[in-house]
Every structure is written in C-alpha cells, then in structure tokens.
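Chains as they are written, first to last, in my numbering: chain Y, 1395 to 2254; chain B, 1395 to 2254.
Following: one structure in structure tokens, then a few remarks.
Number of protein chains: 2
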Amino acid sequence: TIDATIPLKSRELWEKNGIQKFDEESGFEKKFVGHVETSLARSMYNCDELAAYEATSLSVRDNLLIDWNATQQKITTTEPKRVYYLSLEFLMGRALDNALINMSSNDKLANTGDNTSRGFVKKGLDDLGFNLENVLKKEPDAGLGNGGLGRLAACFVDSMATKNIPAWGYGLRYEYGIFAQKIINGYQVETPDYWLNSGNPWEIERTEIQVPITFYGYVDRVNGDTSTLSPSQWVGGERVLAVAYDFPVPGFKTSTVNNLRLWRAKPTTEFDFAKFNSGDYKNSVDQQQRAESITAVLYPNDNFTEGKELRLKQQYFWCAASLHDIVRRFKKSKRPWRELPDKIAIQLNDTHPTLAIVELQRILVDLEKLDWHEAWDIVTHTFAYTNHTVMQEALEKWPIDLFGNLLPRHLEIIYDINWFFLKEVHKKFPKDTDILRNVSIIEEATPERQVRMAFLAVIGSHHVNGVAELHSQLIRTTIFKDFAKVFGNKKFTNVTNGITPRRWLKQANPELAELIGDAIGDPSQNFLLDMSKLTALAKKADDPEFQAKWDSVKEHNKIRLANYIKELNGGVDVINKEHIRHTLFDIQVKRMHEYKRQQMNIFGVIHRYFSMKDMLKDGKSIEEVAAKYPRKVSIFGGKSAAGYYMAKLVIRLINSVAEVINNDKEIQDLLKVFFIPDYNVSKAEIIVPASDLSEHISTAGTEGSGTSNMKFVMNGGLIIGTVDGANVEITREIGEDNIFLFGHLSESVDDLRFKHQYNETPLPPSIDRVLNELDSFTEFKGEFKPLIDSIRHHGDYYIVSDDFDSYLATHHLVDETYHHSKHEWIKKSILSVANIGFFSSDRCIDEYASTIWNVEPMTP
Amino acid sequence: TIDATIPLKSRELWEKNGIQKFDEESGFEKKFVGHVETSLARSMYNCDELAAYEATSLSVRDNLLIDWNATQQKITTTEPKRVYYLSLEFLMGRALDNALINMSSNDKLANTGDNTSRGFVKKGLDDLGFNLENVLKKEPDAGLGNGGLGRLAACFVDSMATKNIPAWGYGLRYEYGIFAQKIINGYQVETPDYWLNSGNPWEIERTEIQVPITFYGYVDRVNGDTSTLSPSQWVGGERVLAVAYDFPVPGFKTSTVNNLRLWRAKPTTEFDFAKFNSGDYKNSVDQQQRAESITAVLYPNDNFTEGKELRLKQQYFWCAASLHDIVRRFKKSKRPWRELPDKIAIQLNDTHPTLAIVELQRILVDLEKLDWHEAWDIVTHTFAYTNHTVMQEALEKWPIDLFGNLLPRHLEIIYDINWFFLKEVHKKFPKDTDILRNVSIIEEATPERQVRMAFLAVIGSHHVNGVAELHSQLIRTTIFKDFAKVFGNKKFTNVTNGITPRRWLKQANPELAELIGDAIGDPSQNFLLDMSKLTALAKKADDPEFQAKWDSVKEHNKIRLANYIKELNGGVDVINKEHIRHTLFDIQVKRMHEYKRQQMNIFGVIHRYFSMKDMLKDGKSIEEVAAKYPRKVSIFGGKSAAGYYMAKLVIRLINSVAEVINNDKEIQDLLKVFFIPDYNVSKAEIIVPASDLSEHISTAGTEGSGTSNMKFVMNGGLIIGTVDGANVEITREIGEDNIFLFGHLSESVDDLRFKHQYNETPLPPSIDRVLNELDSFTEFKGEFKPLIDSIRHHGDYYIVSDDFDSYLATHHLVDETYHHSKHEWIKKSILSVANIGFFSSDRCIDEYASTIWNVEPMTP
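Structure representation (structure tokens):
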C-alpha cells in the first residue's frame, strides 16, 4: 500500500502531529488568533474586519482541508470512476458563509439543526470583538463568470460534493472577473474587477503543479512520415506555464470536500536558447511577463462569441493543462488506456472546452503512440457535451488560419476527425448530397473557412444534452438536426438545470429555511438534501396562521432589500416602507440581452405610468388610480456586454424612466423603478428572497433554461414568464395556476418574424404610444431611436410588439391577485415552494451521474 | 494606553489564545505537520523536499513573527527615534538557514553553544524523513540586487536587528531579480530570474497597506496663486498602488525582529472616470495591468546608470510609498512636525532614493501646508546620504524634460531648492564666478539640461558619507569638492563598510566558527556579536597543532567547493583532489567590470601558462615546472551587465583560456581555470570559505570599498590587492605583512592616464606577449581585439599595463609563501582573522547610530 513508502517511525510522528478539526467556539478562537498572529502577522491591536474575514476564512479552510485531504486520499486509494467538469466560468460568489453552512457536518454537532458551525463561529467572533455579518461582507465575490452558464457550474460543484461524487471542476483563475458595473448618468460604465486586490484566503496556490503549455510553432514527423495519423511532434514557438490554484468545495452534511482547480498562466522558467539567442535581455523578460495576460481577464460576453485569438489561447491553455493533469493522474493507476472511459468522465460545459477532445486525441496518438482509431474510440467514450444555446451569435467558430497558426497539430487532427466522420456519414446516407456539407466540422460556405466547435463537440462526445426539455428538443430539431439523423436521437438527451438549495434557500433566506423546517417537522433541515420533502408544505398552503408567518418572512426580506436600495441610493429611501407589505416587488435581474426582453419590461412600466397619469388627467383621485394600479416597485439589475449597444441603451432607458417616475410627486409612491448596479451573486442573495414577482420573459425559443426563475420560486416568489426554457417544467411541477404565463409559443416565432419582415403591420396602440413618447424621458431627443427602430423598422426580431398586450394583461391579473386575493397569492407561493424540489441541482447531478457519466457516489 | 481600546474580556481571550514559540523538536514537528496539512494542503504522502522547505520556513516564520509583533509593538508604545534605510537593492540571498541561526536565542536554549534551533530543526526534519541540508538547498536566492551595494544593505539590516536598533528597510519587490547567468560556448547569456516561481514563504503580503502613487499630470494652485512655494495640487495622470510585502529580519541572540518592507506595484481599483470615459473596457484593463511592470524587474547594472523612464518611475514609486508610510506612522504620534528629525533618521543608500528628499518637502508643503523654509529645515535634518562611487558613469542624471513630464511638481520643488541653495552659495562666495555653475543641481553644460541627483542628495542631507576612508577622502576632493567648500568638511564623513559575521562566518563556515569559539574559550560564539574577541586568536597563530586544525578546516571547505565545481562541470572533476591541500585556490568573484580588472587576472593566468609551457619547451621536467609554478586553481565568478560588451568579452576569454589550459595534459593539473556561472549570495557562501587567496585588484581610486575582500579574510583567506577601497583599512587592521599589495597608488592614476594618451610608450614585454597571443585561445581570429585595443590603442584607462609586472611579481611572492612557507601562510591567515573584527557590519551600525543617525538601541 501507499503507507509502505514511509518508514513506520515517521508515519507515526506525522499521525501524532496531524491537525484536528475544531467544532466549537474555543477551538475556533484558538485557530483565529493563531492565523491573525502568524498568517496575517497582525495582532489584536490592528485586526480590522477585513483581517477578521481573512483569519476566519483561513480557520474554516483548515477544517475543510482535513476533509479535502481525506477525500482525495480515498479517491486515490479506491479508484472510483471520476468526473471532471470543464467550465470556462465558475460564478462562485462568496465562499465563507457557504463553507460555514457546509462545514463540520460529520462531527458531533451534525444533525443538531441549524447554526452548527455558523452558530459557534458567530459566537466566537463576537467574543473576540467582531460581528459575523460585517465580517462576511468583507469577502469580494469571485465573479469568474458572466451569468447562467457560470453560475450553473458553481451549483453543480456544490451538488457533486454534497452527493459524494468524486468530481473536480477545472477552470481559469482570471485576475479580473466580470467587470464591475457602475451607473453614471444612467449609463453603464465598466470598470475592471480586480477581485484579488486583498488576496484570497480560499485559494491554495499549487506552485508544485506547473504544466508547460505550447502555442504556435509547427508539426514534425520522424523519418519523413507524412501521415497525419501517425505520432507527430509539435514543435512549439511559445511556451507558458499553467500553475494550479485549488479551491476546496465542501458538500453539505457530508465530509466530502471536492476540488475546483483553476489555472493561472505564468512565465516559464525553462531555458529556451532560441529565444534568448538574440541577447536582448529586457525583451525576453517582457515576453515572459506577457504570459500572464492569458488568464488576466474573463471575456465579458454572455451568449455571444468573440473571435479573438486571446480567447482561443485561453481555451487551449485551460484544456491542455486540465487534460495533462487528468491523464497524469490516470497514468499513475497503471491501467491500460482502454480503461480510461471506465475511470474518467469529462463533461464539457458548452463548446468552450471542445479543444479538450482534440487534445486528448493528440496525447494518445502523439505522446502515448496509440493507434489513431483506438485513441478516438477512447476519446469519444470519455466526453459528453452540454449545449446551452441555439442562438447563432453564440455558436463558436474559429477561422482556419487563426486556428492553424496557433494550434497547427490540432488543426491536422480536426481534419482527420472530420474525414473519418464524413466517410461514415457518406456510407450511411450515400444519396444525401447536402448532409456532408451540413455536418462537416469545417464550414466552407463563409468567405473564410471556419472550424465549427459545436459540431466537433457533438462528434467527439457520447452524449449531448440541452438544459431544459424545450431547449433539448430544439437542439435536436434545429442546429443538430442532421446529427440526430446520423447518431440517432438517443445521443441527444436532456438534463434540466437546477440550483443548489444550500446557497439559494438556506444561505440567502435562512428565515424561510427555518420556517419550512419547522413546518414540515424537519428542524435540522434535511430537506436541503432531499427537496421532495417540501411537498409536505402543501398541507399548510391554506393555513392562515402559517400564511401569516410566510408573509412575514417575505416582508422581512423585502425590508432588507429596501434598506439595501436605500444604501445604494445614497441613503435616501426609494421605497415607502410603511406600505411595504402591500407593495408588489416586481424583479427582473439577469444579463441584459435583447432576447431576455428587459425592454419589454420597461415598456410595460412606462405604459403603466402613462395610464396612471391619464387617469389623474381625467380627474380621477389617487385612490381610484391606486385601486387600478396598486403599489409596485419595478426592480432591474444586470450587466450588459461592454460592446452591446442595444443592451446598454436599455439600461439607460430604465434609469431615465426611474428618474422621471420616482420624482413624480403626483403618483405618490404608487410606482417606483430602480436599477441595482453591479448585479452579482452576493447581491442576488439579497434580491431573490425579496421578490413577490419576477420576470422571465424571453422570446419563446431563445432561453436555454434560465435558473433565476428557479431561485425566485424557491424563495416564494411567483413568476411572470413566457413559455420558454425551464419555465415550461416549472409550470409542470408547480401547476399552471401558480405561474403567470403569457405570449406566443416558440412554434409561432418564425412565422411572426417572417410576417414582420414581409408584411409591415401597424403596431398595437399600447406599444405604439410607449415608443412615441420615449423622448419624454430624456433630454437628448432621439436617444432611444435605435430601440424604437428595432421594433418599428427592423423586423422586431424579439417579437416584443406581438407579446406586449398579452404581457400587459397578465400584469393586470398579477395586480388583481396580489392586491385583492392576497390569500390566494400566498397559497400559490407556498404551493410553488412545495413543488420546486425538482429544480435542486442535486437532481441534475443524479441524472448526469446515472444517464451520462455512469458514476457512483463514494461513501466518504 | 492602547490596551484600553479593546474590551477587557476580548483582550483576555486574545491573550489566552496567543500563539507560543516552539523551542524544541516536538514543537517544531507539530508546527511543521500543521503547515504541510493546512498552509500547503498536502499530506505526508505528497510532501517533497520543496514542500518540506516551505513548511519549515513557515514554522520558523511563525516563531519570528511573535518576536516581530513584540518588537513593533514596543516601538509603537515607547516611540524611540527610528531609522529607515532606503535601498533600491537588498541582496538577501537565502533566509531559512540565517533564520535558524538567529532564531530563539532569548529562550531557554540560548547561550548553549551552537546548534540551538538549527540543531533541533535538523533532528525534527530527520525524524519526519527529511535532510536539513537538502531542504535548505530548495530555497531560491532573493537576488534583489546587483552586487556590493545591495549586499551591504542586507548586512546592515542584519546588524541593525542584532544591535536592537529600531529600524526598517524599504525597497522594491522585483518579480525578476538579477538575471540568472548561463554560460553557453563560453559566453554569458542572461535569462530571467523568476525567483517567485514557487511562492515565497518569507514574505507577508500586506494587502491592507496600499499606497496610491501618482505619475505625470500637471500642477494646480488655488486662487491663481503663482508661487511654487505655496501649497500646490498635483493632479496626476496615472495612478498605481504600492502594496507592502514584509520580510522579518531577526537579530542574532536577541528577540528583536525588524522589518524589511518591499513594495510591489499593483493596479489601482479606484474609479477614475476620465480614464473610463472612453468606454474601451479591454483597453482600461490592459492599462491597469501594466501597472505591475513598475516593479517587474531589477535593472541589472552595477556602477552604471541607465536613464530609462521606467527606472525613474521605480525610484519615485518606491520613495513615495515609503515616505507615505513613514509620515503616516509619525503622524499617529501627534507630535509637531518640527520633532520629525528627532524621531526619524532616513538613510539614502546611494542616490537612487534621492527623490525621497523632494517627496518629503512636497508632503510638508503641499499636503501639510508647512512654510517652505520650515519644511526644508525639517527635511535636511532628516536625511543622510551614502555615496558609493566617484565614477562618472555611475552618477545619476535625469534629463529635465523626462523628469518634468513624469514628476512635474517635483521638478518645481527642485528648482526652488536649487534657487535658495545657490543664493546662499552666492552670498558665501560672491566673487567665485564658477562655483554656482559647479554646484547647481541643474547641469546646464550638456546639450540637454539634467538634474544631478548626487548634488540634490548632498544639499538635502545633513551628512554625506563614503564607504571607506580612501573613498570618503576622494569624495571630498573630487566630485563634491565645491560642496565641501560650501558646507565645510564636517558634513562629509566616512563609515567604512562591513559584513555580518553571522552569515559570512557562522553560516558559510560553521567549522571555522566552531574552531574559533573553542580556541578562544567562547563555545557559544559570542564573538559573533563582538568581533574584537577574535584578537585572542593571535596567541595561537604559531601553534602547530592549531595550525593543523586551521588548515584542515580550509581543506574541508576546498573539497566542498571542488565537489561543487565538479557538479557544475557535468560530474567531471576539474580539480585534482589528491593534492588539494597543496593546491592554491585563487579566487576572484564579483561583478564583471573593467575597473575591477578581471582581465588583468586572466592575463596573469595566461602569462603563467605560457611560462610553464616555455619551461617544458626548454626541456625542463614537470617537477621543475611545479617548483616554479606550483599547483593552483584560478576561480572566477561574476555577472556582467547585459549590455556591457567589454565585461562580457572578458567572461568569454576566461572560459576560452580555461578550455585550453584545463585540457592541456602536458601541464598535468598544475594549473586549472574555472568560471563559476551565476555567482550569487548562496554560491558565495560555498566559494568564500574555500579561498587561499582572493583578488581585489581594482584600479586604485575606483572601488568604493569592496566587501568581498572582508568576507575572504574573515574566512582565513589571504588577499592580493591594490591600494584601493577598504583594502587600505584591511591592511591597517591585519598588518601589511599579512596582505599582498601591489600596483600604483590612486594619486598616480591621472598622470598615468595622461601619459597613455599623449606619449604612446611601448608595453612591458610580459603583457605585450599575452596580448599578442590571445588568438591562440579562440577559433575566431580577432575575437579579443577590443580587449587588446583598449590597452594598446585606447589609453589603457584602467592602467592594466602599468600594474601588470608588479602584479606578476606579487603572485610569485604568493606562490613562494604558500608552497614553501606554509607555516607562515597559515600564521598570516590566523592573524588576519584575529584582526578582522573591525569589518563586522555591527561596527558600521554603531558608527552610523552615533555619528549620523543619533539613535539608541532599544532593549528588546
């Protein structure tokens, strides 16, 4: 065994001196003071809240690392099949509070209800002179993602740890995460998010794990061998090091601690004579320094692909480092290569990691000298691919020249993959003249030939899944239609997205979690591991006493948000807190995108405002107005890609409208609008629990799944939404009475678009008026013309005009229910939560594990 | 008191949980395992030697930090006068072994002789399965300096801690230290020294200390005030952050742990609207990233100034951050400004930190609104300046345009300083028409006007010192002649350099330290704190038994070096170890520079080789040759600035000569030549103790002090040297019988140079022949022509030809003594060590403290 390599005497000494976990106040205090005095080299006299955050994190991290070591040691010795989750984004948010919730659940304090480690850490900090809430706020968000895709990866690693799946995440450690959004004069301004400014106590820099990564150069084959199928040598022209940074990922109520490994680019220290031959020392230092730029910054685009070489460099850097790591680990087991797919499942989160397929083929053929076809068989049994979108602008394509210059050997391999694949297709459909062109990895139709990454991902994977049923069905029938013909429908499957109830219920909304636990007789909140237990809530849906408690929790969370908005608003209240219980919080927070239709939301707000003003003009009293348009706050939040003009214009419009409406004394606080700047994970944790209603109103057929819809419902908010993404299954689960659906179905969208383009029809008067009067919200006449034109003259691609009246009518229904049938409303809320269990990301992991990865949990 | 700010209950808890120092094996083992398992997140199964080095360092660091905290706390509460030592270079070498020697000397194990913490740490590592020597080798050198100047600063911080002076060093944390030197085909090739590749357990990143630093921009004054003497606002155009990195500096046999604070440039996170107004997000991230380049790389020039803007940026960045820190600390004491010089002494190591003078004036006038003259009075009572060289090419000058663009307000202040100074000078010497031009800070004679930094340093300081007596005298009579007239001679003083005997005797040569301790009845080696105790050795100088032991230590160290050279030589012995006791190790290791005259050394070697060959050609036997030219190894080492063509050519010549001589079977190992690549501090620790003879042969009047001369003598090596730098005082201390001096005196040099230029005289035949036959060592005819021409045709600026015969004759004397009067030789060696005490850097610190800084030690 592995123990045998260490002399008995030493082993005993190591074991005797091994560190112990703390599980109560005094143990925590000892650790805390120790870290202040050593790791931080401070003392009680200069330990501020930031230092307290760091010392607390380091203390908690020490506990996690004991379990981390045990988990990894167990995986090494028992060799279960392992999952590697490759995602270019992990939108983790803050780590400390989550760790406190997940920590030390297998020791004597486990299963004693809430507030296990959170409780004693709070007490310990208190004794030492600190307040836990303030300490938690000192942690900057790890904003290493844009939106849903990155947050999904974060929920998945949480669930994989909780489910005891032996799994590692692989990503990049960007020095600059998603930009910080500032709102200046109503406009979005992007500022760099240098999140590591104060260091990061949650990362372990693994300086000992440094993988050399190659770019550019040329391909060489021995003895004049010209076949690209034979082992080839890639002589690189540029070399950088990938250094590993590990983030422990603790499971909930288990001692499993998985690993998230993020790579950072660093200069290589090896001696490259060719490079230094020039003798230009200063220049060679500069060159080395530039290596770090590879992982400097996250590309801030969501559902849009930017064809910059640096982006491709990021992707290859990350794939090559991860594969090197994965293969090295596999080789230590000394198993034959053909067993690799029995021991390793690699999941590709979107097409960003598609190069991993090619890289594994290269490793097997060029370095390990396997036969091409044997290698390809191993590769295709190892990878599975998750598609996130069917929108054309989001599908990755790389110009052949750029690709071949950066990765000459990979391009050869792709040509060969394509060649063998097309041969097979031709054999299957010898008479189909179009299909070869349609499924070729190389797009020939464009002026510049391009590598279609999604096609490569499909061909190199054994399973392809969408992220919601509607979306998975669209994949099969649109972008991968011909592949479904080639591979059959079985390769194309669905795993509807989910979210972790630990962060999105317990951490964001501890009051609700406690109320639920009490209500269903589960005070230690085991429902967070088995969300089907929530169905027991249904019994209480009609209970007035329970309803009152339920509503009080909501009120509490609304006040928290109202206070936060006040803080953002320079200390001045936006929301009238006197009426907060009867003020509908209507929230849309997510990336700014035309397809997500924040423009429709703000048009709706404008329409409401005009209608209220009309009534007043018609001599109606404010009470009469309030009866028809009861109290409401429209809250927005979300970032736009820096170069996305239309999305940024919508932000400006929202802020312009807010400026007018919030300052209109005439309507007496009946309507307020607020745009929360710099929406991120930690802000979501405050925003989500406060919603009465949230908006998920994408043009049907455009949203992959959406996950904020699940978060809002899990926190007792109702939804207004289109029949799109996971809204469909949310409706199925919670019942159509409990959701406000509206708008055209995806089947109609193409026809509507066609109609807009070829038969210009007049707009409905509702939206027509809104568009006509947009200028009244700005001092710059015509500022919003592009928004108007897109609907009036450019085909209204997102069918805002078609859905607008249905949207307004549904809002009217919402008002009616919220204000005149509050009992019904709360009942809907409770029933929704009771039936939201399906959307726990634990369920997703179960599905991936059994139908795609074929892995088993490992007893910790 | 400060305690009162913390509630009693919390304070008790902090104190109860405070960490404790370990002082024996089991305590160390506990710490070590804890750090492996938490700080490194490893386990016994994957703890390699690098990890063991890191865990040992972190454990030892924890101990030091307890004392560090206590020392700093004591300074804060007792408010003694403090010293700040500003040096752009700190050539620290390795930290762990030094810390082991200095650690825990005030606990129960102190004063129990050698091997206190080093002993139990060695034992503890052994038990855990590691070997201390191998672990120590894992530490990369902190190569944050070029040569003597940087190493001096390192010795000084060691001595200041040992002497209990409340002192901090301030410098820069270069990501790339002095380049690593590779020798390829005999040529020096510079490769980047990315010394932080594996992290650095000795640094504490103080993310909480971030000082904003401004560059460029313009100057503004309120209300149209046009006087540059009134408070002005500097509106900067670029801003970066200086982040502090602290390195604990432990004293020897004291619990004082001082601080070395190095600054790193990082991007600012503040929002600069002007900068982001453009909306170009990617570009603004790039700009921010570039901030880090300020501290990326050490300029690899020694005694030569490079006028790059980035260098001036480094200097200002460092001075501004340090002054900000110093002033902030002073302001906390709430004392009036006029007391600043009573509480703070700032020492400027060379002119690199001269901007600190201007920056303090700026802070006092612009930010603190002091009257100009009151401020200047404070400034000039605070600073003192150490000059290191009188060589023109090393004197810093900055073109006005470049300077004024980067630091517009500082240029104004310099003009004003100059104006008031010149007024004063004019008053004193109303009839001297030249003096104003000669002492003006602004040089007007050059095509481009320039700021003369040395003049500014002289004017802004209360004391100016040279680094050896001869040098201090030269300062007064050459470059600062007119200033001596203005200020009087008393302002110009001398502090002869020194070295720390802890690193350069105890750490590098533990066997010798032990032998000395035993010989003088001081087994706990207190002589390391009071080197005058060494004089007791003189009694034993003639004792044959002691001489034998003395010689055995030398032999041991020579074998260690011979083995190391073998390792560097690909495992093949260069030195015949059979005869090692009778082989003279002749060593010259230092920066490669024409003025240091390595060329003369290798010419001497060539001359010896030719003479040996001549004898053989004349039919003499090898025994006869050996009698005249006994066994000798000529060892060289040192880096050349990357752009210094002549110095690099000398390296190539040495290697070319080595290639020929070492492979000449005819001379049967009687002469060997070896160039040790990449000379640095840790290599010096192996090289220095192994010398029989070392060479310090600079052209008289060029070397400031030299410190390697002291190191070699302290380790029992004799010196061949010119009457230059500290050689003069070494001779005074150890007696002229114990040193081999030769060559012209500095008084003659100007005449000799004049003669070379205007009356071309034939070269002495000895050097003439060597120059004629240089081609025999290379396949490229004429390769060494520039070396030849510099002597034959370009005035032999370094008077090699004038000193050569005297040099050869002295080497003959060396041979005679070493080989035929070994008893005499060893006696000289012992007497030298007995009288080397003066050159402890502790003595330097005493002198600085009493005559320049006016500070007292603080009882720890």
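The beta-carbon is built from N, C-alpha and C at its ideal position, and this holds for glycine as well.
Asked	Found
Three CB pairs or more closer than 8 Å across the stretch 2109-2122 of chain B and the stretch 2145-2155 of chain B	no
Distance, MET1847(B) Cα to LYS1791(Y) Cα	57 Å
Simplified DSSP state of GLN2062(Y), which is helix, strand or coil	coil
9 Å Cβ cut-off: residues of chain B touching PRO1401(Y)	GLY1523
Rounded separation between LEU1503(B) and GLY1513(B) - CA only	For LEU1503(B), the predicted structure reports a pLDDT of 45, less than 50, and the residue's modelled location is therefore unreliable. The matter cannot be settled from this model.
ALA2027(B): first and last residue of the uninterrupted beta strand (DSSP E) it sits in	A small correction: the amino acid at residue 2027(B) is Val; Ala does not occupy that position in the sequence shown. Run containing VAL2027(B): 2026-2031, per the beta strand (DSSP E) assignment.
Residue nearest to GLY2095(B) in terms of C-alpha spacing, selected from LYS1763(B), ILE2061(B), HIS1865(B) and GLY1892(B)	HIS1865(B)
Cβ pair count under 8 Å reaching 3, the stretch 1710-1725 of chain B against the stretch 1451-1465 of chain B	no
PRO2180(B), enclosing alpha helix (DSSP H) - first and last residue	2179-2186
TYR1439(Y) in three-state terms, based on DSSP	helix
Nearest to ILE1495(B) (by Cα), restricted to the options PRO1904(B), LEU1717(B), HIS2213(B) and HIS1856(B)	PRO1904(B)
Pair within 8 Å by beta-carbon distance, LEU1490(Y) and GLY1544(Y)	no
Minimum C-alpha distance to GLU1863(Y) - residue among GLU1418(Y), GLY2098(Y) and PHE1550(Y)	GLY2098(Y)
Status (buried if at least 16 other CB within 10 Å, exposed otherwise) for GLU2250(B)	exposed
Rounded Cβ spacing between GLY2231(B) and THR1929(B) (contact assumed at less than 8 Å)	7 Å
8 Å Cβ cutoff, GLU1602(Y) in contact with chain B	yes
Contacts that PHE1573(Y) makes with chain B (C-beta to C-beta distance below 7 Å)	TYR1675
Per-residue DSSP class, three states only, for ASN2248(Y)	coil
Residues of the stretch 1404-1431 of chain B with Cβ closer than 9 Å to any Cβ of chain Y, in chain order	SER1404, ARG1405, LEU1407, TRP1408, GLU1409, LYS1410, ASN1411, GLY1412, ILE1413, SER1420, GLU1423, LYS1424, LYS1425, PHE1426, VAL1427, GLY1428, VAL1430 and GLU1431
For THR1470(B) and TRP1898(Y), the rounded distance between their alpha carbons	47 Å
Under 7 Å from the C-beta of THR1663(Y): neighbouring residues of chain B	TYR1588 and ASN1591
Under 9 Å from the C-beta of ASN1652(B): neighbouring residues of chain Y	Ordered by position in chain Y, no residue passes the 9 Å Cβ test against ASN1652(B), which lies about 13 Å from the chain.
Straight-line Cα distance separating ASP1826(B) from HIS1820(B)	8 Å
Contact with chain Y by SER1678(B), beta-carbon distance below 8 Å	yes
Euclidean distance between Cα positions of ASP1828(B) and THR1977(B)	58 Å
Residues that GLU1939(Y) contacts on chain B, provided the C-beta gap is smaller than 9 Å	Simply none; closest approach about 42 Å.
Residue from HIS2138(B), TYR2039(B), VAL2075(B) and GLN1992(B) whose Cα sits closest to the Cα of PHE2069(B)	GLN1992(B)
Where ASN1859(B) falls: helix, strand or coil (DSSP)	strand
As assigned by DSSP and simplified to three states, the class of PRO1904(B)	helix
Exposure label - PHE1416(B); buried when at least 16 CB within 10 Å	buried
Close Cβ partners of ASP1501(Y) (< 6 Å) along its chain, the five nearest in sequence each way excluded	Low confidence applies to ASP1501(Y): its pLDDT is 43, below 50, so where it sits in the model is not reliable, and the reading given next is rough at best. So the qualifying residues of the chain are ASP1417.
Segment contact, 8 Å Cβ cut-off, at least three pairs: the stretch 1955-1962 of chain B with the stretch 2003-2014 of chain B	no
Backbone CA spacing between GLY1541(B) and VAL2044(B) [nearest angstrom]	18 Å
Amino acids of chain B, ordered along the chain, whose beta-carbon sits closer than 7 Å to that of LEU1444(Y)	GLU1602
When ARG1455(B), SER1433(B), SER1453(B) and CYS1441(B) are compared against SER1453(Y), the one with the closest alpha-carbon	SER1433(B)
First through last residue of the beta strand (DSSP E) which encompasses ASP1640(Y)	1632-1644
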